[in-house]
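A.B. asks: Below is the structure I would like to discuss, written out as structure tokens.
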Amino acid sequence: MSSKIGDKTDSRFLDSLQGSPSTDEFIKGLWRDNPVFVQVLGMCPVLAVSNTAENALAMGLATAFVLLMSNILVSSLRNFIPKQVRIASYILIIATFVTITDYMIQAISIDLHKALGAFISLIVVNCLILSRAEAFASKNTIGRSILDALGMGVGFTFALFCLGAVREIIGNGTFFGLMLFPDGFQEWIVMILPAGGFFTLAVWLLIFNAIKERRLKS
Amino acid sequence: MKEESLWYIFINASLISNFVLAYFLGICPFLGVSGKMETATKMGGAVMFVMLISSMCAYGIHALLVAINAPFLQLISYIVVIASTVQLVEMFIKKMSPALFRALGIFLPLITTNCAILGLALFQTNKGYGFIESIVYALGAGAGFMLALVLIAGLREQLNFADVPGIVKGTALTLLIAGILSLSFMGFAGLGL
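Which chain is which? The protein sequence lines are A and B, in order.
The numbering used here applies: residue 12 is where the first sequence begins, and numbers increase by one.
The numbering used here applies: residue 34 is where the second sequence begins, and numbers increase by one.
See below:
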């Protein structure tokens, strides 16, 4: 739904970028169809685990990994999955990779696993992954699906990082755990609370809308 | 209030740690279907029903998985149960009220990918709730989801008449209101301690 709007408003920007179609599959996830700022998909983890830059980055990478693997598998099985049960099969594929990711993160860092909590498991129900499987991977070749997944994954991670960095710097006075300000700095506690997540995302959307509007006018 | 009392579980799930405004679960339908009060109420009802069924099933599945010692199947079996429940609700609504079916549109099958429902199943497992406690927890979470949805729908209906700058219209405005709502819900935190 939202991607259509993105297609319309930014078609000129796209024309200037379009080198070959395959690079476009990658580029579109970064900006024109950015999953968070333009399509507004997969909001739950974006808001919930973006309280520090580190959590946000880890979450973004985990989601990108699941997205890449499920896109590859869905696209290679696209001729074998019957149309009636496709959504169920996609969800099963995604759930399998999420379980793998969950155990992998647990093996790499217990602390990180604790910080992200149930939100790793909740990657299963991230609309972004299912929508890419349904809208793209089920209709395109493996190569194009990989590019699409990489672009969307990087775009998602970038957006999460934008939120996490702002919230950590203002709300906690730190960046990746390093102190940024002298002692007198008063943290804005509200930014690491749930309400801060809504506000930060709203402000980022405003910035994106403003840039888009200016480009349309000029 | 004692922490294990059923009343506390209900209040905790619906107000203190409201699924939408404190845990950020179920944001997609929260942003997508909250334009009109009527659809918001019915969507809330549908989600509540799916929550109740899947919470009961999740309790059974968890017991079974512990018995056969296969915790890695948890996620996969939960999502299958949720998907089938949603299919059931979809068929039911299509038969009973085609108008409502059209109004909910794509968001009805998308209840499957509503994090609030899978989140509920995972949280109740993590907290080790029994059968009755699980049901109360599901009811509380459903009521909280509906409350948040109805509140924001009411606000958005009023805001349709407000004259806001072009760039704020749409999602950004909804998020700003949600932030303020979330701030006010923090006031309920005092109920817990």
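Heads up, the beta-carbon is just placed ideally off N, CA and C, and yes, glycines get one too.
1) Taking only the alpha-carbon atoms, compute the straight-line gap between Phe172(A) and Ala67(A) and give it to the nearest angstrom.
2) Flag Gly71(A) as yes if its beta-carbon sits less than 8 Å from any beta-carbon of chain B, otherwise no.
3) Excluding five sequence neighbours on each side, which residues of the same chain lie with their C-beta closer than 8 Å to the C-beta of Ile49(B)?
4) Is it buried or exposed for Pro46(A), if we count other Cβ within 10 angstroms and need 16 for buried?
5) Is the beta carbon of Ser149(A) closer than 8 Å to that of Arg97(A)?
6) On the three-state DSSP scale, how would you describe Leu127(A)?
7) How is the alpha helix (DSSP H) around Pro205(A) delimited, first residue to last?
8) Have a look at Gly162(A) and Phe192(A) and give me their C-alpha separation to the nearest angstrom.
9) Identify the residues that DSSP records as bridge partners of Phe186(A): which are they?
10) Which residue from Val99(B), Ile126(B), Phe57(B), Ser47(B) puts its Cα closest to that of Asn159(B)?
11) Counting only C-beta atoms, is Leu84(A) closer than 8 Å to chain B at any point?
12) Roughly how many angstroms separate the alpha carbons of Gly71(A) and Phe37(A), rounded to a whole number?
13) Here's the rule I'm using: 16 or more other beta-carbon atoms within 10 Å means buried, otherwise exposed. How should Val51(A) be labelled?
14) Taking buried to mean at least 16 other C-beta atoms within 10 Å of its own C-beta, is Leu133(A) buried or exposed?
15) Compute the beta-carbon to beta-carbon distance between Asn187(B) and Met70(B), rounded to the nearest angstrom, for a pair I have assumed lies under 8 Å.
16) How do the region 174-188 of chain A and the region 57-66 of chain A stand: do at least 3 beta-carbon pairs fall below 8 Å, yes or no?
17) Starting from the beta carbon of Ser215(B), find every residue of chain A whose beta carbon is closer than 7 Å, and list them in chain order.
18) According to DSSP, is Trp199(A) part of a helix, a strand, or is it coil?
19) Enumerate in chain order the residues of its own chain whose CB-to-CB distance from Leu228(B) is below 7 Å, with the five nearest sequence positions on each side excluded.
20) Under three-state DSSP, which class holds Gly173(B)?
21) Whose C-beta lies closer than 7 Å to the C-beta of Gln117(A) among residues of the same chain, with five residues either side of it excluded?
C.D. replies: Straight from the coordinates:
1) Cα to Cα, the separation comes out at about 5 Å.
2) Gly71(A) does not count as touching chain B.
3) Within the same chain, Cβ atoms closer than 8 Å to the Cβ of Ile49(B) are found at Ala55, Phe221, Ala222, Leu224, Gly225, the five residues on either side in sequence being excluded.
4) Buried is the call here.
5) Closer than 8 Å, so yes.
6) Correct three-state label for Leu127(A): helix.
7) That run of the alpha helix (DSSP H) goes 205-228.
8) Each residue's alpha carbon lies about 35 Å from the other.
9) Leu189(A), per the DSSP bridge assignment.
10) Cα-wise, what sits closest to Asn159(B) is Val99(B).
11) When Cβ-Cβ separations below 8 Å define contact, Leu84(A) makes no contact with chain B.
12) Gly71(A) and Phe37(A) have their C-alpha atoms some 17 Å from each other.
13) Buried, since its Cβ has 16 or more Cβ neighbours within 10 Å.
14) Flag for Leu133(A) reads buried.
15) It should be noted that the sequence gives Gly, not Asn, for residue 187(B). Their Cβ separation, rounded to whole angstroms, is 6 Å, which keeps Gly187(B) and Met70(B) in contact under 8 Å.
16) Yes: the two stretches touch, three or more of their Cβ pairs being nearer than 8 Å.
17) Going along chain A in sequence order, the residues near Ser215(B) (Cβ under 7 Å) are Pro205, Ala206, Phe209.
18) Note: Trp199(A) maps to coil in three-state DSSP.
19) Because chain B spans 34 through 226 in this model, residue 228(B) falls outside it and cannot be assessed.
20) DSSP, read as helix, strand or coil, puts Gly173(B) in helix.
21) His124.
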